[in-house]
Amino acid sequence: MLSKMNTLSETLIATAANHLQDILSLAVQYSPQHTALIIYDTQCPLAIALTTAYQRILPTAVYMDFETLSAKEILSAFKQLSPSDLVILIQSTSFRLNDFRIRVELFEQGLKVIEHPHLARMIGIECHYYIESLAYDPVYFRHVGWALKKRIDAAQSGMIDSDGEHLIFASPFEPAKLNIGDYTGMKNIGGQFPIGEVFTEAKKLESVNGRVRIFAFADREFRVNKPENPITLVITQGRVTDVIDSTPEFNKVLEGIREDEQEIWLRELGFGMNRAFTPERIVSDIGTYERMCGIHLSLGAKHGVYKKTNFKRGEMWHHVDVFAVTHGVYLDREVVFRDGAWQVT
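The opening position of the sequence shown corresponds to residue 29 in my numbering, with each subsequent residue numbered one higher.
Given below as structure tokens:
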């Protein structure tokens, strides 16, 4: 039935199946001796294509159409699973099961999880980019990812060359976190796919000063907005103090942050690694495009991974991803990114 509903090509579905098989075997290390439960919907071409691809590589899995079942039936299916079983969520939007925090609760049950959310935001050529982004190259992701973490954790300073503008991090960085499909020694296995990111932030946020040009940002609907011309952010002691060549939509984003938090902090420094996404190859979903090969930053006080004493729970509301025009990235004056690629060994 699903194959008859597909609007994406057979070649693209076959490519997706190959990439997903690598994710299963190389990243989450799924074993056929365990149960696989796949919750899906049929509300967009990409969701249908991914479900079809999974049916080819996991023919004995349990498949449940989210739209035809009650929350009680789905939660009951989750409860029947055992540790190291696998749950795959293929979502045109984002599944909601009352107050049940799906990924968190599944991880607490010891299950492996693969999430594909907000697929309906991607249509046309974006579906091709998304499927390409699922390719899992363990040599690239693990070698570059761990090498970046080593350099970040040891660095005393950093700098982004943003088309002649410089953003200076005059501080060591928080211990870098990895999203590279390597779950060795980790309690939770899996997460949102595609993957490909190493992220951190300055230990002393006030040490960040300079200017950075951004070519895209997350709008208020969590979609990627790419203005006609880059916007320049002026950063003073870790806050946005001026904006040059802004747009009405970006102004609304900034107004929302100011209204709730008074100041606009710059927090996350993200080293995206997924080579399927570039400044020219964009998908609309911000959570997917965040893996773009290059630098992204976050505006707003919210960044739950790193605790800072000057931010209190309940006062942090916003985490808005912005994507930097990046000619070079330097850690302790040594280049780690140039010509659109990571330069680490």
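Beta carbons: idealized from backbone N, C-alpha and C, even for Gly.
Is DSSP giving Glu283 helix, strand or coil here?
For the purposes of this step, residue 283 is taken as the residue at position 255 of the sequence shown. Of the three classes helix, strand and coil, the one that applies to Glu283 here is helix, per DSSP.
For my contact list, Ile180 and Ala204 are in at a C-beta cut-off of 8 Å; report their separation, rounded to the angstrom.
One-based indexing of the sequence shown puts residue 180 at position 152. One-based indexing of the sequence shown puts residue 204 at position 176. Sure, about 4 Å apart at Cβ, within 8 Å.
Is the separation between the beta-carbon of Asp313 and that of Phe243 shorter than 9 Å?
One-based indexing of the sequence shown puts residue 313 at position 285. One-based indexing of the sequence shown puts residue 243 at position 215. No, they are not a contact pair.
Distance CB(Lys330)-CB(Arg286) smaller than 9 Å
Along the sequence shown, one-based indexing puts residue 330 at 302. Along the sequence shown, one-based indexing puts residue 286 at 258. Taking 9 Å as the Cβ cut-off, Lys330 and Arg286 do not qualify as a contacting pair.
Is the distance from the Cβ of Ala75 to the Cβ of Gln83 below 9 Å?
Taking the sequence shown and counting its residues from 1, the one referred to as residue 75 is at position 47. Taking the sequence shown and counting its residues from 1, the one referred to as residue 83 is at position 55. No; because the gap between Cβ atoms is not below 9 Å, this pair is not in contact.
Tyr58 and Leu52: beta carbons closer than 9 Å?
For the purposes of this step, residue 58 is identified with residue 30 of the sequence shown, where counting begins at 1. For the purposes of this step, residue 52 is identified with residue 24 of the sequence shown, where counting begins at 1. Closer than 9 Å, so yes.
Look at the Cβ atom of Gly186, then the Cβ atom of Asp360, and state whether they are nearer than 9 Å.
Residue 186 sits at position 158 when you count from the first residue of the sequence shown. Residue 360 sits at position 332 when you count from the first residue of the sequence shown. Contact flag set, yes.
Does DSSP classify Arg149 as helix, strand or coil?
Counting from 1 along the sequence shown, the entry for residue 149 is found at position 121. Arg149 falls in the helix class under three-state DSSP.
For the beta strand (DSSP E) containing Phe197, list its first residue and its last residue.
For the purposes of this step, residue 197 is taken as residue 169 along the sequence shown, with counting starting at 1. Looking at the DSSP string, the run of the beta strand (DSSP E) that includes Phe197 is Glu193 to Phe197.
Neighbour-count burial assignment, Ala163, 16 or more Cβ in a 10 Å radius
Start at 1 with the first residue of the sequence shown, and residue 163 comes out as number 135. So Ala163 counts as buried.
Leaving out five residues on either side along the sequence, give the residues of the same chain with a beta carbon under 8 Å from the beta carbon of Phe365.
Along the sequence shown, one-based indexing puts residue 365 at 337. Taken in chain order, the residues that qualify are Phe299, Gly322, Ile323, Thr354, Gly356, Val357 and Gln371.
Could you tell me whether the segment 299-310 touches the segment 222-231, where touching means 3 or more Cβ pairs closer than 8 Å?
yes
Runs of 3 residues minimum, wholly inside the segment 119-146: which ones carry the beta strand (DSSP E) assignment?
140-144
For Asp191, collect the residues of the same chain with a Cβ closer than 8 Å to its Cβ; drop the 5 residues on either side in sequence, then sort them by chain order.
Here residue 191 refers to the residue found at position 163 of the sequence shown. Around Asp191: Arg241, Pro258, Val353 and His355.
Since Gly315 and Pro145 should fall inside the 8 Å C-beta cutoff, what is the C-beta to C-beta distance between them, to a whole number of angstroms?
In the sequence shown, the residue the question calls residue 315 occupies position 287. In the sequence shown, the residue the question calls residue 145 occupies position 117. Their Cβ separation, rounded to whole angstroms, is 7 Å, which keeps Gly315 and Pro145 in contact under 8 Å.
Coil, strand or helix - Ser104 by DSSP:
The count along the sequence shown starts at 1 and reaches residue 104 at position 76. Helix, per DSSP.
What does a CB cutoff of less than 6 Å around Ile196 pick up in its chain, not counting 5 residues either side in sequence?
Taking the first residue of the sequence shown as 1, we reach residue 196 at position 168. Result list for Ile196: Met187, Asn237 and Gly238, in chain order.
Using a 10 Å radius around the Cβ and a threshold of 16 neighbouring Cβ atoms, would you call Ala369 buried or exposed?
Counted from its first residue, the sequence shown places residue 369 at position 341. The residue is exposed, with fewer than 16 neighbouring Cβ atoms inside 10 Å.
Which partner residues of Asp113 appear in the DSSP bridge assignment?
Your numbering for residue 113 matches position 85 in the sequence shown. The partner list for Asp113 (beta bridge, DSSP) is empty, contrary to what the question assumes.
Which term fits Glu318, buried or exposed, when burial requires 16 or more other beta carbons within 10 angstroms of its beta carbon?
Taking the sequence shown and counting its residues from 1, one reaches residue 318 at position 290. Buried is the call here.
Span separating the alpha-carbon of Ser98 from that of Glu229
As a position in the sequence shown, residue 98 is number 70, starting the count at 1. As a position in the sequence shown, residue 229 is number 201, starting the count at 1. Answer to the nearest angstrom: the Cα atoms are 41 Å apart.
Are three or more beta carbon pairs between the segment 130-149 and the segment 271-286 nearer than 8 Å?
no
For Ile159 versus Val252, is the C-beta distance shorter than 9 Å?
For the purposes of this step, residue 159 is identified with residue 131 of the sequence shown, where counting begins at 1. For the purposes of this step, residue 252 is identified with residue 224 of the sequence shown, where counting begins at 1. It is not a contact, given that the beta carbons lie outside the stated cut-off.
Under the DSSP definition of a beta bridge, which residues are partnered with Asp93?
Working through the sequence shown from its first residue, we reach residue 93 at position 65. Bridge partners of Asp93: Tyr68.
Taking only the alpha-carbon atoms, compute the straight-line gap between Lys340 and Ser122 and give it to the nearest angstrom.
As a first step, residue 340 must be located in the sequence shown, where it is residue number 312. As a first step, residue 122 must be located in the sequence shown, where it is residue number 94. Rounded to the nearest angstrom, the two C-alpha atoms are 28 Å apart.
Hey, how far is the Cα of Trp174 from the Cα of Ile208?
Reading the sequence shown from its first residue, position 146 is the one you call residue 174. Reading the sequence shown from its first residue, position 180 is the one you call residue 208. Their backbone Cα atoms lie some 9 Å apart in a straight line.
Identify, in the order they occur along the chain, each residue of the same chain with its Cβ nearer than 6 Å to the Cβ of Val56, setting aside the five sequence neighbours on each side.
Start at 1 with the first residue of the sequence shown, and residue 56 comes out as number 28. Excluding sequence neighbours, Val56 sits near Lys140, Ile217 and Gly218.
Beta-bridge partners of Ile263, as assigned by DSSP:
Within the sequence shown, the letter at position 235 stands for residue 263. According to DSSP, Ile263 bridges with Gly238 and Val268.
Going by DSSP, what residues sit across from Met301 in a beta bridge?
As a working note, residue 301 is residue 273 in the sequence shown. DSSP output for Met301 lists no bridge partner at all.
Presumed contact (8 Å Cβ cut-off) between Ala81 and Ile41, rounded CB distance
Stepping through the sequence shown from its first residue, residue 81 is reached at position 53. Stepping through the sequence shown from its first residue, residue 41 is reached at position 13. Yes, Ala81 and Ile41 are in contact; Cβ-Cβ is about 5 Å, under 8 Å.
Taking the alpha carbon of Glu291 as the reference point, which residue from Lys107, Thr306, Asn279 and Arg267 has its own alpha carbon closest?
For the purposes of this step, residue 291 is taken as residue 263 along the sequence shown, with counting starting at 1. Closest by alpha carbon: Arg267.
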